């Protein structure tokens, strides 16, 4: 079946199987920043924006997004600013989880969320197995302008 | 993994229902849990574009469409303050934010998932379920009813009342499924629900009657906590034994009752 979807502001027609998940389709069409982690929606690595909201692309059927809008990390201009902060704070080691974290954090910036307690509630599903989160938290605090 | 031959996105609930009853079809709510099942279904009916993503408020109640995602409890201005943020506090601890952005009200309630925190919380509130063909049920009735035919959950209605509420849970890690959860509300009467037993949530009727006859004080709370753990049936699963759940239930019910005293 065919679906029409806007990805990073570009209109695309994609050929998909009815039971394919969005993650597989995006990767097949070259959006390699969207990575496979746990494949059950629990690790946050495959996070993309669906109509502007962060969702796990491994847990959505691709057919659902027909007529809707997808944004990956490549489609977020603010992503570079946050990626720079992650690098400066030593928060990127293998970097595998970074695209998902960046997508979710940029969403929080749009909501102007600045309280660390609220940020932690929203980012609890972005797992990182390298850093221990301390460097990430420093970068997040700077990027979102966390109130202290 | 689940397999579909066809994936359809009806624009209305009427259209969805016609498809549901004429084909070997299944409704896709959020899809996250359905995706993990290992079955073959001819037609997936996705309600994503069926205009069931609404929240409406009047003086007496709030209507929530079945395709509203549970993160709405933490972001929708109408829902955030409902029962002093009770449902916000419950939903914020369910899995991750990304998952809460796809898990729908209908996709959680219609299958009557035992692990659900939301069902336990809604069970102590005046919650009604509206099915497209079978009509209105209280949540309590709905959980006990085995429907004779396939149906579609259209919306839930939560009445506004003056209730004190508490929600307690135990988990292996912060955003895991609950090993056991307990919700309590107190208005004119006390309601106690226990979920993740691991079966779907139940109300503790005998204990509720005991508290409604004897009032809520430190002495009755201790007695009621023990009564609930004797009244509610528990089972073993991969997360915990029934004996463990029974012990934990007593502690959670006590904490919840003390909060609403």
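Chains as they are written, first to last, in this note's numbering: chain A, 1 to 148; chain B, 1001 to 1261.
The beta carbon of each residue, even a glycine, is placed where N, CA and C say it ideally should be.
The model shown is predicted, which means the values in this text are computed figures rather than measured ones.
Does the beta-carbon of residue 1106 of chain B have 16 or more other beta-carbons within 10 angstroms, so that it is buried, or is it exposed? On the second chain, position 106 is the one that residue 1106 of chain B refers to. Counting Cβ neighbours within 10 Å, residue 1106 of chain B comes out buried, since at least 16 surround it.
The beta strand (DSSP E) with residue 1171 of chain B in it runs from where to where? Counted from its first residue, the second chain places residue 1171 of chain B at position 171. Its beta strand (DSSP E) spans residues 1164-1171.
Beta carbons nearer than 8 Å to chain B: which residues of the stretch 25-38 of chain A have them? none
Is it true that the CB of residue 136 of chain A sits closer than 8 Å to the CB of residue 86 of chain A? For the purposes of this step, residue 86 of chain A is identified with residue 86 of the first chain, where counting begins at 1. For the purposes of this step, residue 136 of chain A is identified with residue 136 of the first chain, where counting begins at 1. Yes, Cβ-Cβ distance for residue 86 of chain A and residue 136 of chain A is below 8 Å.
When the cut-off is 8 Å and only beta carbons count, does residue 59 of chain A lie next to chain B? Numbered from its first residue, the first chain carries residue 59 of chain A at position 59. It does; some Cβ of chain B falls within 8 Å.
Cβ neighbour criterion (16 or more within 10 Å) applied to residue 1147 of chain B: Here residue 1147 of chain B refers to the residue found at position 147 of the second chain. Flag for residue 1147 of chain B reads exposed.
In DSSP terms, what residue 150 of chain A is bridged to: Any answer about residue 150 of chain A is impossible in this case: the structure gives chain A only from 1 up to 148.
Which residue wins for smallest C-alpha separation from residue 1013 of chain B, given the options B:1241, B:1053, B:1234? What you label residue 1013 of chain B is simply residue 13 of the second chain in a count that begins at 1. For residue 1013 of chain B, the nearest C-alpha among the options comes from B:1053.
If you drop the 5 nearest sequence neighbours on each side, which residues of the same chain put their C-beta closer than 6 Å to that of residue 1139 of chain B? By 1-based counting over the second chain, the position of residue 1139 of chain B is 139. The residues 1122, 1123, 1127, 1129, in chain order, have a CB closer than 6 Å to that of residue 1139 of chain B in the same chain once the five nearest residues on each side in sequence are set aside.
Name the chain B residues that come within less than 7 Å of residue 87 of chain A, Cβ to Cβ? Here residue 87 of chain A is taken as the residue at index 87 of the first chain, counted from 1. Under the 7 Å cutoff, chain B gives no residues; its nearest Cβ is about 24 Å from residue 87 of chain A.
Anything in chain B within Cβ reach of residue 63 of chain A, meaning under 8 Å, just list it in chain order. Counted from its first residue, the first chain places residue 63 of chain A at position 63. Residues of chain B passing the Cβ test: 1007, 1009, 1044, 1046.
Taking only three categories from DSSP, how would you classify residue 1012 of chain B? Locating residue 1012 of chain B in the second chain gives position 12, where the first residue counts as 1. Correct three-state label for residue 1012 of chain B: coil.
Are residue 21 of chain A and residue 61 of chain A touching if we call contact CB-CB under 8 Å? By 1-based counting over the first chain, the position of residue 21 of chain A is 21. By 1-based counting over the first chain, the position of residue 61 of chain A is 61. Yes. Within cutoff.
Rounded Cβ spacing between residue 1165 of chain B and residue 1185 of chain B (contact assumed at less than 8 Å): As a first step, residue 1165 of chain B is located in the second chain; it is residue number 165 there, counting from the start. As a first step, residue 1185 of chain B is located in the second chain; it is residue number 185 there, counting from the start. Residue 1165 of chain B to residue 1185 of chain B, Cβ: 5 Å. Contact.
Any C-beta of chain B within less than 7 Å: which residues of the stretch 41-52 of chain A qualify? 41, 42, 44, 47
Helix, strand or coil: which one does DSSP assign to residue 134 of chain A? Numbered from its first residue, the first chain carries residue 134 of chain A at position 134. Here residue 134 of chain A sits in helix by DSSP.
Give me the subset of the stretch 1171-1183 of chain B whose CB atoms are less than 8 Å from a CB atom of chain E, sorted by chain position. The chain inventory of the structure shown lacks chain E, comprising the protein chains A and B.
Within chain B, the residues that residue 4 of chain A reaches when beta carbons sit closer than 8 Å: Translated into the one-based positions of the first chain, residue 4 of chain A becomes position 4. Neighbours of residue 4 of chain A on chain B: none; closest Cβ ~12 Å, over 8 Å.
Below 8 Å on the Cβ atoms is my contact criterion, and I expect residue 34 of chain A with residue 48 of chain A to pass it. Report the Cβ-Cβ distance as a whole number of Å. Here residue 34 of chain A refers to the residue found at position 34 when the first chain is read from its first residue. Here residue 48 of chain A refers to the residue found at position 48 when the first chain is read from its first residue. Their Cβ separation, rounded to whole angstroms, is 6 Å, which keeps residue 34 of chain A and residue 48 of chain A in contact under 8 Å.
Evaluate the contact criterion for the stretch 28-42 of chain A versus the stretch 80-99 of chain A: three or more CB pairs, one atom per stretch, below 8 Å. yes
How would you list, in chain order, the residues of chain A whose beta-carbon sits under 9 Å from the beta-carbon of residue 1167 of chain B? Against the second chain, residue 1167 of chain B aligns to sequence position 167. Contact of residue 1167 of chain B with chain A by beta-carbon distance below 9 Å is absent, the smallest such distance being about 15 Å.
For residue 1253 of chain B and residue 1090 of chain B, I'd like the C-alpha separation in whole angstroms. Translated into positions along the second chain, residue 1253 of chain B becomes position 253. Translated into positions along the second chain, residue 1090 of chain B becomes position 90. Their Cα atoms are separated by approximately 16 Å.
Taking the alpha-carbon positions, what's the residue 116 of chain A to residue 1145 of chain B distance? Along the first chain, one-based indexing puts residue 116 of chain A at 116. Along the second chain, one-based indexing puts residue 1145 of chain B at 145. Distance between the alpha carbons of residue 116 of chain A and residue 1145 of chain B: 43 Å.
If we define contact as Cβ-Cβ less than 8 Å, is residue 1036 of chain B a contact residue for chain A? Numbered from 1 along the second chain, position 36 holds the residue referred to as residue 1036 of chain B. Residue 1036 of chain B counts as touching chain A.
CB-CB length for residue 1155 of chain B against residue 1063 of chain B, believed under 8 Å: The residue labelled residue 1155 of chain B in the question sits at position 155 within the second chain. The residue labelled residue 1063 of chain B in the question sits at position 63 within the second chain. Rounded, the Cβ-Cβ distance is 5 Å, consistent with contact.
Can you name the residues that DSSP bridges to residue 93 of chain A? If you number the first chain from 1, residue 93 of chain A lands on position 93. Paired residues: none, contrary to the question.
In chain B, what lies closer than 8 Å to residue 122 of chain A by C-beta? In the first chain, counting from the first residue as 1, residue 122 of chain A sits at position 122. Going along chain B in sequence order, the residues near residue 122 of chain A (Cβ under 8 Å) are 1097.
How would you write the range of the beta strand (DSSP E) that residue 1159 of chain B sits in, first residue to last? Residue 1159 of chain B sits at position 159 when you count from the first residue of the second chain. From DSSP, the beta strand (DSSP E) with residue 1159 of chain B extends over 1153-1159.
If you measure from the beta carbon of residue 1031 of chain B to each beta carbon in chain A, is any gap under 8 Å? As a first step, residue 1031 of chain B must be located in the second chain, where it is residue number 31. Flagged as an interface residue toward chain A: residue 1031 of chain B, by a C-beta distance shorter than 8 Å.
Would you call the stretch 1058-1074 of chain B and the stretch 1037-1045 of chain B touching, i.e. three or more CB-CB distances under 8 Å? Taking a cut-off of 8 Å for Cβ pairs, the stretch 1058-1074 of chain B and the stretch 1037-1045 of chain B do not touch, as fewer than three such pairs fall below it.
For a minimum of 3 consecutive residues, which ranges assigned as the beta strand (DSSP E) are wholly contained in the stretch 1047-1091 of chain B? 1055-1057, 1061-1065
Could you run through the stretch 67-81 of chain A and flag, in chain order, every residue whose CB is less than 9 Å away from some CB of chain B? 67, 68
Hey, how far is the Cα of residue 1243 of chain B from the Cα of residue 1232 of chain B? Locating residue 1243 of chain B in the second chain gives position 243, where the first residue counts as 1. Locating residue 1232 of chain B in the second chain gives position 232, where the first residue counts as 1. Using only the alpha carbons, I get a separation of about 12 Å.
Per DSSP, what are the beta-bridge partners of residue 1131 of chain B in this structure? Here residue 1131 of chain B corresponds to residue number 131 of the second chain, with the count starting at 1. BP columns for residue 1131 of chain B point to B:1135, B:1153.
Is it true that the stretch 67-77 of chain A meets the stretch 1108-1119 of chain B, where meeting means three or more beta-carbon pairs spaced less than 8 Å apart? no
CA nearest to the CA of residue 948 of chain B, picked from B:1030, B:1200, B:1205: The structure shown has nothing for residue 948 of chain B, since chain B only spans 1001 to 1261.
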